[in-house]
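Mind the numbering: the sequence shown is residues -21 to -1, 1 to 117 in mature numbering (1 follows the signal peptide of the UniProt record, and there is no 0), read in order.
C-beta: ideal position from N, C-alpha, C; glycine also.
All figures in this text were calculated on a predicted structure; none of them were measured in a lab.
Take a look at the structure set out below.
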Amino acid sequence: MKTARRISVILLAAAALTACSSDDDKDATKYNDVPIQWIRGEYTASPSGYTDPVDDHNTVADEIHTNTASRDRVSGASTVYLRYDDDIVAVTRQPRGSLIEIQDYRSGYSRWHHHLRTSSWPDPATQSFRGGGPGSGK
């Protein structure tokens, strides 16, 4: 009888511990990271980012998204913004070709908020922003 009781207690304890534990990878939605290595190999480095001397901003944004799908996209008159897990890629029309800039989400949103505030992208300055990547508090 003692053995049966011990087994019951162990099983109940295991069930309770399993129910109380959390797995951040299972609960959190993980989105793609910026394909930085691909961008470095595909485009020319410049002091302000990367350039494509031929293709327009929509074509370059499509190429980047096709290589690695972005979480969301906002298009303006001369710039396309691609949202990745923790970063924003801005592809801007230039007189010849396009400029590609990559910023972490918080800095990019702060810099380009006048274009992004009407989108569904959360403002990182508010409590509703939960960011990407590992860690608790999400």
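By the 16-neighbour rule on beta-carbons within 10 angstroms, G20 is exposed. Counted as a single uninterrupted DSSP element, the stretch harbouring A40 is not any beta strand (DSSP E) but the alpha helix (DSSP H) occupying residues H36 to N46.
The DSSP-derived three-state label of Q73 is coil.
In summary, R50 is exposed, with fewer than 16 beta-carbon neighbours lying within 10 Å of its beta-carbon over all protein chains present. Around the beta carbon of W100, 16 or more other beta carbons sit within 10 angstroms, so the residue counts as buried. Contact annotation: H36 and S57 have beta-carbon atoms nearer than 8 angstroms. I67 has its alpha-carbon roughly 13 angstroms from the corresponding atom of I18. According to DSSP, A24 shares a beta bridge with Y29. By the C-beta density criterion, R75 is exposed, having fewer than 16 other C-beta atoms within 10 angstroms.
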